[in-house]
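Contents: one structure, followed by commentary.
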Amino acid sequence: MTSGRSRPVWRRLAAGVLAVCALVGGAVPASAGVVTRSFTYRCAWPFVGAQDVQMTYSVDIPGSGAPGSRIAVGDLHITGILAANVVSFLRASQIASVSGPVVADLDIAHNGTTRTLGVPGLALAKRTIPLSGPSTLDISGPVPSLVVYSPGDVLVRTGQFIIKMDTRKADGTPTALGVVNVPCSPKATTPPQDLTLATLPVNGPGTSPPGLGNQVPGGSFSKALTYHCVLPQTGSLGVSATLAGTVPSSGATGTRLQPNLTASMAVPSQFADVLRNNSAASVSGNGRTDIVSAYNGETLTLGVPGPVPAVAVPVSGPLTVALSPAVPSFSVPAAGSIALAAGPEISGTFTPLKADGSPTALGTFDVPCTLDAGQDPALGTITIT
130 MTSGRSRPVW
140 RRLAAGVLAV
150 CALVGGAVPA
160 SAGVVTRSFT
170 YRCAWPFVGA
180 QDVQMTYSVD
190 IPGSGAPGSR
200 IAVGDLHITG
210 ILAANVVSFL
220 RASQIASVSG
230 PVVADLDIAH
240 NGTTRTLGVP
250 GLALAKRTIP
260 LSGPSTLDIS
270 GPVPSLVVYS
280 PGDVLVRTGQ
290 FIIKMDTRKA
300 DGTPTALGVV
310 NVPCSPKATT
320 PPQDLTLATL
330 PVNGPGTSPP
340 GLGNQVPGGS
350 FSKALTYHCV
360 LPQTGSLGVS
370 ATLAGTVPSS
380 GATGTRLQPN
390 LTASMAVPSQ
400 FADVLRNNSA
410 ASVSGNGRTD
420 IVSAYNGETL
430 TLGVPGPVPA
440 VAVPVSGPLT
450 VALSPAVPSF
460 SVPAAGSIAL
470 AAGPEISGTF
480 TPLKADGSPT
490 ALGTFDVPCT
500 LDAGQDPALG
510 TITIT
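Positions in the sequence shown are counted from 1; adding 129 to them yields our numbering.
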């Protein structure tokens, strides 16, 4: 669901980690082309120990942005080389293939305020381990967009990533090692590596950020909100949403603080009828859920990506669609507070299918949803000590 206002401007991270932003309003940032950077990491392999790994990052990044405009990020890719001695150990352990989820850290700095986002939802692509010699690693997945509301450069820096590596035998069964954590951190060098992936100038007059609502200390929440969504053949319809999850109530500087969120959208019968009239048996896709984060006077909106699992189209009545945003963790360097609120948009891209799995005449379509004014979007505040 991407509106004309939210058209992505960073099309993809072609071999790299990261970045920021897709458009909530304002001018589209100018394109600067693909930036490619390489960094030296130290990855801790089980029973082998820490090994240097050269990681390559590449991103198609805009040359500039504007306050209140969203900079959208395509899939993030991290590529590297698995050393021959690591391959030998894996083979000796009867490991024929590896895969698994990855969390990658990205530092986002703007006007003197830095947040480290632990971005989930990435994956190590299944890799068949060769009999000998080096092998490659390929990590990819969606990352959040970002909107800032005052002028000043946005700096994006790489950080550590952790692979939860699932090791499998040739017959597909788990090995004795099972699932192992492989943490990879930028290598400490002299002089230190410049971990800057991108610097994005944000120019123009500042704009007011979205409201935070009536904030309360973090905890469990279930919040009913109304959005207006532009749907095929029906136009704009009111959609009732329930945002549920948890926000930590407190935490320490430098530690990971992990909010969680799901969004359930009750799509009216008018559009469910459109699906039924086009012989749709199920619908699925991908979504983006805006979350506003205010930390010590600096507000940003994260457009958090996540899947929309397939849901059956009922024979009558409305349709309920669930979004599962891959909410990043937060880590901050200074005491204060992080206030979280539902953001101004939820959007997604959907594909309905017939019972035989073939596409309908509707094809694949975008659905932008805008939060109705006058509601309390507060999700909770984390106190940082």
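From the three backbone atoms N, C-alpha and C, an ideal C-beta is built for every residue, glycine too.
Compute the Euclidean distance between the alpha carbons of residue i and residue j, then round it to the nearest angstrom.
i, j, result
"Phe400", "Ala370", "15 Å"
"Pro338", "Thr304", "50 Å"
"Ser579", "Ile511", "Any answer about residue 579 is impossible in this case: the structure gives the chain only from 130 up to 514."
"Val157", "Ala195", "Bear in mind that a pLDDT of 38 at Val157, under 50, signals an unreliable position, so the number given afterwards is only what the model happens to contain. If you take the alpha carbons of Val157 and Ala195, they lie about 8 Å apart."
"Cys150", "Val331", "Residue confidence for Cys150 is low, a pLDDT of 33 falling below 50, so the modelled location carries little weight; the figure read from the coordinates is stated next. Their backbone Cα atoms lie some 12 Å apart in a straight line."
"Cys498", "Gly197", "17 Å"
"Val444", "Arg405", "7 Å"
"Gly154", "Pro473", "Bear in mind that a pLDDT of 32 at Gly154, under 50, signals an unreliable position, so the model cannot answer this."
"Leu508", "Gln387", "13 Å"
"Ser393", "Tyr356", "12 Å"
"Val403", "Gln322", "55 Å"
"Ile237", "Ser408", "45 Å"
"Leu152", "Pro315", "With a pLDDT of only 30 at Leu152, under the threshold of 50, the placement of this residue in the model should not be trusted, and no figure is reported."
"Ser228", "Cys172", "16 Å"
"Ser413", "Val396", "13 Å"
"Ala159", "Ala451", "Note that Ala159 has pLDDT 42, beneath the 50 cutoff, so the model's placement of it is unreliable and no number is given."
"Ala252", "Leu431", "20 Å"
"Ile513", "Ser466", "5 Å"
"Pro346", "Arg244", "20 Å"
"Gly340", "Asp419", "13 Å"
"Leu266", "Thr449", "38 Å"
"Lys352", "Pro506", "8 Å"
"Ser398", "Val440", "15 Å"
"Thr242", "His206", "26 Å"
"Thr287", "Ala201", "17 Å"
"Val308", "Gly333", "49 Å"
"Arg385", "Pro377", "10 Å"
"Ser217", "Trp174", "12 Å"
"Arg361", "Phe176", "First, the residue type needs correcting, since residue 361 is Pro and not Arg in the sequence shown. Going by the C-alpha atoms only, they are around 55 Å apart."
"Gly209", "Gln180", "12 Å"
"Gln344", "Gly435", "25 Å"
"Phe494", "Thr478", "6 Å"
"Ala221", "Gly178", "16 Å"
"Pro259", "Pro271", "28 Å"
"Lys298", "Tyr424", "46 Å"
"Thr480", "Glu427", "37 Å"
"Arg140", "Thr363", "Confidence in Arg140 is poor, its pLDDT being 34 and thus under 50, which makes the residue's placement too unreliable to answer from."
Just checking my contact of residue i with residue j at CB under 8 Å: how many whole Å lie between their CB atoms?
i, j, result
"Leu326", "Arg166", "6 Å"
"Leu275", "Leu500", "Actually they do not touch by this definition, with Cβ atoms about 18 Å apart."
"Cys358", "Val496", "5 Å"
"Ala212", "Pro263", "6 Å"
"Gly416", "Ser476", "7 Å"
"Val277", "His239", "5 Å"
"Thr185", "Ser226", "At roughly 22 Å, the Cβ-Cβ gap does not stay under 8 Å, so Thr185 and Ser226 are not in contact."
"Val164", "Ser187", "7 Å"
"Gly383", "Phe350", "With a Cβ gap of about 26 Å, Gly383 and Phe350 do not count as contacting."
"Ile291", "Val232", "5 Å"
"Ile224", "Thr296", "5 Å"
Just to confirm, is the Cβ distance from residue i to residue j under 8 Å?
i, j, result
"Leu482", "Ser365", "no"
"Leu329", "Asp282", "yes"
"Thr169", "Thr318", "yes"
"Ala471", "Leu354", "yes"
"Leu390", "Pro488", "no"
"Lys293", "Pro249", "no"
"Ser269", "Asp204", "yes"
"Phe422", "Leu469", "The question names Phe, but residue 422 in the sequence shown is Ser. Their beta carbons are under 8 Å apart, which means Ser422 touches Leu469 by this criterion."
"Pro273", "Val433", "yes"
"Val311", "Leu235", "no"
Name the two residues that bound the continuous alpha helix (DSSP H) containing residue i.
i, result
"Phe400", "Ser398 to Asn406"
"Val215", "Ala213 to Ala221"
Residue range of the beta strand (DSSP E) that residue i falls in?
i, result
"Ser254", "Note on residue identity: the sequence assigns Ala, not Ser, to residue 254. Element bounds for Ala254: Thr242 to Thr257."
"Leu448", "Leu448 to Leu452"
"Val308", "Pro303 to Pro315"
"Phe176", "Here Phe176 belongs to no beta strand (DSSP E), and DSSP marks it neither H nor E."
"Gly509", "Ala507 to Ile513"
"Leu491", "Element bounds for Leu491: n/a, residue is neither H nor E."
"Tyr424", "Ser411 to Tyr424"
"Ile224", "Taken as a continuous stretch (DSSP letters only), Ile224 belongs to no beta strand (DSSP E), as it is neither H nor E."
"Lys293", "Val283 to Arg297"
"Ser98", "Past the boundaries of the shown model lies residue 98; the chain is included only from 130 to 514, so the question cannot be answered."
"Gly432", "Glu427 to Ala441"
"Leu469", "Gly465 to Leu482"
"Val276", "Ser274 to Val277"
"Gly270", "Ser264 to Gly270"
Following a CB-centred definition, is residue i positioned closer than 7 Å to any heavy atom of the ligand NAP?
i, result
"Thr391", "The ligand NAP is absent from the structure shown, which contains no ligand whatsoever."
Practice prompt. Any chance you could list the beta strand (DSSP E) runs of at least 3 consecutive residues sitting entirely within the segment 319-403, in chain order?
Written response: The segment 319-403 contains, as complete beta strand (DSSP E) runs of 3+ residues, the segments 325-329, 349-360, 364-375 and 389-396 (chain order).
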